[in-house]
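*Asks:* Line by line, the protein sequences are chains A and B.
Whatever position you read off the first sequence (first residue = 1), add 3 for the working numbering.
Whatever position you read off the second sequence (first residue = 1), add 216 for the working numbering.
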Amino acid sequence: MLIKQLSVFMENREGRLKDVLEVLKNNGVNIISLSLADTNEFGMLRLLVNKPETAYDALKRNGFSSRLTDVMAVKLSHKVGMLQELLEAICDEHINVEYMYALSTGKDDASIVFKTSDLALAEKVLRGKGVEIVKPEEIGLDFE
Amino acid sequence: MIWNETKECMSRDEMHVLQSARLIKTVDRVYHNVPFYRRKMQNIGIEPGDIRGVEDLPKLPFTTKADLRDNYPFGLFAVPQSEIVRIHASSGTTGKATVVGYTRRDLEIWSECVARALTMAGVSREDIIQVAYGYGLFTGGLGAHGGAEKLGATVVPMSTGNTKKLTTMMVDFGVTAIACTPSYLLHIAETLEENGEVDNIKLKTAVCGAEPWTENMRRQIEERLHIHAHDIYGLSEIMGPGVACDCEYHTGLHVYDDHFLPEIISPETLEPVADGETGELVFTTITKEGLPLLRYRTRDLTSITHETCECGRTLPRISRFKGRSDDMLIIRGVNVFPSQIEAALLEMGETTPHYRMIVDRVNNLDTLEVQVEVGEKFFSDEIRELEKLSKKIEHVIQQAIGLAVKVKLVEPKSIERSMGKAVHVIDNRKLV
Numbered sequence: 004m005l006i007k008q009l010s011v012f013m014e015n016r017e018g019r020l021k022d023v024l025e026v027l028k029n030n031g032v033n034i035i036s037l038s039l040a041d042t043n044e045f046g047m048l049r050l051l052v053n054k055p056e057t058a059y060d061a062l063k064r065n066g067f068s069s070r071l072t073d074v075m076a077v078k079l080s081h082k083v084g085m086l087q088e089l090l091e092a093i094c095d096e097h098i099n100v101e102y103m104y105a106l107s108t109g110k111d112d113a114s115i116v117f118k119t120s121d122l123a124l125a126e127k128v129l130r131g132k133g134v135e136i137v138k139p140e141e142i143g144l145d146f147e
Numbered sequence: 217m218i219w220n221e222t223k224e225c226m227s228r229d230e231m232h233v234l235q236s237a238r239l240i241k242t243v244d245r246v247y248h249n250v251p252f253y254r255r256k257m258q259n260i261g262i263e264p265g266d267i268r269g270v271e272d273l274p275k276l277p278f279t280t281k282a283d284l285r286d287n288y289p290f291g292l293f294a295v296p297q298s299e300i301v302r303i304h305a306s307s308g309t310t311g312k313a314t315v316v317g318y319t320r321r322d323l324e325i326w327s328e329c330v331a332r333a334l335t336m337a338g339v340s341r342e343d344i345i346q347v348a349y350g351y352g353l354f355t356g357g358l359g360a361h362g363g364a365e366k367l368g369a370t371v372v373p374m375s376t377g378n379t380k381k382l383t384t385m386m387v388d389f390g391v392t393a394i395a396c397t398p399s400y401l402l403h404i405a406e407t408l409e410e411n412g413e414v415d416n417i418k419l420k421t422a423v424c425g426a427e428p429w430t431e432n433m434r435r436q437i438e439e440r441l442h443i444h445a446h447d448i449y450g451l452s453e454i455m456g457p458g459v460a461c462d463c464e465y466h467t468g469l470h471v472y473d474d475h476f477l478p479e480i481i482s483p484e485t486l487e488p489v490a491d492g493e494t495g496e497l498v499f500t501t502i503t504k505e506g507l508p509l510l511r512y513r514t515r516d517l518t519s520i521t522h523e524t525c526e527c528g529r530t531l532p533r534i535s536r537f538k539g540r541s542d543d544m545l546i547i548r549g550v551n552v553f554p555s556q557i558e559a560a561l562l563e564m565g566e567t568t569p570h571y572r573m574i575v576d577r578v579n580n581l582d583t584l585e586v587q588v589e590v591g592e593k594f595f596s597d598e599i600r601e602l603e604k605l606s607k608k609i610e611h612v613i614q615q616a617i618g619l620a621v622k623v624k625l626v627e628p629k630s631i632e633r634s635m636g637k638a639v640h641v642i643d644n645r646k647l648v
């Protein structure tokens, strides 16, 4: 059960994040979660939005380089060591985590988003472990 | 001091006779030994007999860098390969290098010309000279080296790269002259200043070339190091450094026109322009054996005067270069064409991404940054992949132009387009 994430390439300079968000606003796209990775010269904005395809088209029209990437979201209960155990299961299969960020936190549980070197295998492994995988519609992704 | 007074101070009438005789021989030789020239002359209905003197020069066909490329590597050589004793090469407009070859006599004449230039700059056999041009395929190092040895000076073949060693030796050996690019000399000056060693050097003269510089830069060099700085010009196609140099009056660079016939033409009409008017510098070699060239278009823009100089030399003088009639850049003494960057990027994929070269001068050393737009094709949402990509582009460009380069990935459409065409070069170097 994969989620379409929108990744946007941005130069690391004043106003670029604002410009991206403006395009999303003007096209009625709502942001569910985001992560911003930065390097010296450029940044990578990763977003979960309610309308990924609409957002992608709008950004492309406005000259931004972006793409849709499959990621996975899982729900973990708020207990010490839950994330560590999840990673252990993934590492046992020699799967590498490319990046990870928080999706949301509740009183009893928290959700994280991540991309791995082998998403299909990761999904299989986690399902086997009984980990709850978040469905796109659960977090507010519209059917486009 | 004048190295070869007979030639450098010859009356213009006598020079005309000498040049005409040498030109006639050259034309005859290339017609019979270089199929390219024979075809070229036949195509415009010219035979060696039609060239009876210097005044017939405009009848001859031009030669361009593209001709050298098309005949890569040895196609324009006018002697059997066994007569060639040295090869040099510089970067061409595309992937292939421009290759030049010298006979033993060519090397002797080259040394003679450099010895004239060094003498013009006040260097003599009493001097210790550091040659700090790159040694190797580049003509700078070995060219200056040969002339300095011919002169009888004590030559220290430094090459480039180790400034600390250079300044240490400069102080320890009591070096009195140096040959290097002007920007490198400024860098050397800075190093000496930082170490408080300017007063410990015995340097009195510098012979700088291989890149464009200005009178202001000369003054800066002269004041900071308390020396005289001279401008030496050359290009590998014609010979290398030592085609022309300026004397102590600094009123233009004296061209050794007993070996290289200069013409100034309009780059548009290709017609010769009058003395004092700016145009493209064209050379015909009249003593070269290995690679004689007829009317080679240098793309360098300048003007010429045939008036006798205050120094007593009758050699014509060309003014400081005013630019180029093509898009070649000289970065750290290396010729770079935007088309090389384009070709390198093309290697990375099927279509060329938009790019822009930013040339700058930091601490007196030229820097080259290449900005490349990250389009859909290059896009990865993993930082690791993007960094790998930029390293790979750096490597490919470096391989192509032989210069370290920094690649910066930028957003699509962030590179300005003028009339729908990308502006490929921004040169921020302030030649002051």
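Ideal placement from N, C-alpha and C gives every residue a C-beta, glycine not left out.
(1) So, for Leu581/B: in the same chain, excluding its five sequence neighbours on each side, which residues have a beta-carbon less than 6 Å away from its beta-carbon?
(2) Which runs of the alpha helix (DSSP H) fall wholly inside the stretch 36 to 106 of chain A and span at least 4 residues, in chain order?
(3) Under 8 Å, do Leu89/A and Leu79/A count as touching if we go by C-beta distance?
(4) Of the residues that make up the stretch 597 to 614 of chain B, which ones have a beta carbon closer than 8 Å to any beta carbon in chain A?
(5) Would you kindly work out how many angstroms separate the C-alpha atoms of Arg435/B and Arg540/B, rounded to a whole number?
(6) DSSP has Phe12/A in a bridge; who is on the other side?
(7) Could you have a look at His475/B and say whether DSSP puts it in helix, strand or coil?
(8) In chain order, what residues of the same chain lie with their CB nearer than 7 Å to the CB of Leu576/B, ignoring the 5 residues before and after it?
(9) Using a Cβ-Cβ cut-off of less than 9 Å, list which residues of the stretch 11 to 32 of chain A approach chain B; keep chain order.
(10) Is there a Cβ from chain A that is less than 8 Å from the Cβ of Leu209/B?
(11) From what residue to what residue does the alpha helix (DSSP H) around Lys380/B run?
(12) Taking C-alpha atoms, which residue in Phe553/B, Lys420/B, Leu469/B, Leu562/B lies nearest to Cys329/B?
(13) Taking a Cβ distance cut-off of 8 Å, strictly less, list which residues of the stretch 42 to 58 of chain A are near chain B, in chain order.
(14) Grouping DSSP H, G and I as helix and E and B as strand, with all else coil, what is Arg268/B?
(15) Suppose contacts are defined by Cβ-Cβ distances below 8 Å. Is Val612/B in contact with Glu563/B by that definition?
(16) Under 8 Å between the Cβ atoms of Ser10/A and Arg70/A?
(17) Sort Phe293/B, Glu453/B, Leu276/B, Ile325/B by Cα distance to Arg511/B and report the nearest one.
(18) Note the first and the last residue of the continuous alpha helix (DSSP H) segment covering Ile617/B.
(19) List the residues of chain B whose Cβ lies closer than 7 Å to the Cβ of Glu140/A, in chain order.
(20) I'd like to know if the stretch 329 to 343 of chain B and the stretch 484 to 492 of chain B are in contact, where contact means that at least 3 CB-CB pairs between them fall below 8 Å.
(21) Quick one: does Ala40/A have its CB under 8 Å from some CB of chain B?
(22) For Ala305/B, collect the residues of the same chain with a Cβ closer than 6 Å to its Cβ; drop the 5 residues on either side in sequence, then sort them by chain order.
(23) With distances taken between CB atoms, is the gap from Ile345/B to Ala393/B smaller than 8 Å?
(24) What is the residue span of the alpha helix (DSSP H) that His522/B lies within?
(25) Go through its chain and collect everything with a Cβ distance to Ser107/A's Cβ below 6 Å, but skip five positions before and after it.
(26) Could you name each continuous beta strand (DSSP E) segment of 3 residues or more that falls completely within the stretch 440 to 490 of chain B, going from the start of the chain to the end?
(27) Mind checking if Ser36/A is an interface residue toward chain B, Cβ cutoff 8 Å exclusive?
(28) Against chain A, does Ala628/B count as a neighbour if the rule is that its beta carbon must be under 8 Å from one of theirs?
(29) Going by DSSP, what residues sit across from Val315/B in a beta bridge?
*Replies:* Checking against the coordinates, here is how it stands:
(1) Result list for Leu581/B: His403, in chain order.
(2) Runs of the alpha helix (DSSP H) inside the stretch 36 to 106 of chain A: 55 to 64, 85 to 95.
(3) Yes. Within cutoff.
(4) Listed by position along the chain: Asp597, Glu598, Ile599, Arg600, Leu602, Glu603.
(5) Rounded to the nearest angstrom, the two C-alpha atoms are 24 Å apart.
(6) BP columns for Phe12/A point to Met47/A.
(7) In this structure, DSSP gives His475/B a state outside helix and strand, which the three-state scheme calls coil.
(8) What sits at residue 576/B in the sequence shown is Asp, not Leu. Its chain contains Thr583, Asn644, Arg645 as the residues whose beta carbon lies nearer than 7 Å to that of Asp576/B, once the 5 sequence neighbours on both sides are disregarded; these appear in chain order.
(9) Listed by position along the chain: Val11, Phe12, Met13, Glu14, Arg19.
(10) Outside the displayed range of chain B (217 to 648) lies residue 209/B, so it cannot be described from this structure.
(11) Taken as a continuous stretch (DSSP letters only), the alpha helix (DSSP H) holding Lys380/B covers 379 to 389.
(12) Answer by Cα proximity: Leu469/B.
(13) Look at the stretch 42 to 58 of chain A: the residues with a C-beta under 8 Å from a C-beta of chain B are Thr42, Glu44, Phe45, Met47, Arg49.
(14) Coil at Arg268/B, not helix or strand.
(15) Inclusion of Val612/B and Glu563/B in the CB contact set at 8 Å is warranted, their separation being smaller than that value.
(16) Cβ atoms of Ser10/A and Arg70/A: closer than 8 Å.
(17) Residue Leu276/B is the option with its Cα nearest to Arg511/B.
(18) Annotation: the continuous alpha helix (DSSP H) that includes Ile617/B extends over 599 to 617.
(19) Result: empty, since nearest Cβ-Cβ is about 23 Å, beyond 7 Å.
(20) Flag = no, the stretch 329 to 343 of chain B and the stretch 484 to 492 of chain B do not touch.
(21) Between Ala40/A and chain B, the shortest Cβ-Cβ separation is below 8 Å.
(22) Result list for Ala305/B: Ala313, Val315, Leu353, in chain order.
(23) A contact, by the Cβ cut-off of 8 Å.
(24) Counting along the chain, His522/B falls outside any alpha helix (DSSP H), and DSSP gives it neither H nor E.
(25) Excluding five sequence positions before and after Ser107/A, the CB atoms of its chain that fall closer than 6 Å to its own CB belong to Ser114, given in chain order.
(26) For the stretch 440 to 490 of chain B, whole beta strand (DSSP E) runs of length 3 or above, ordered along the chain, are 444 to 451, 456 to 462, 469 to 471, 476 to 481.
(27) Not closer than 8 Å to any Cβ of chain B, the Cβ of Ser36/A fails to qualify, so no.
(28) It should be pointed out that residue 628/B corresponds to Pro in this sequence rather than to Ala. So, interface residue.
(29) Per DSSP, Ala305/B.
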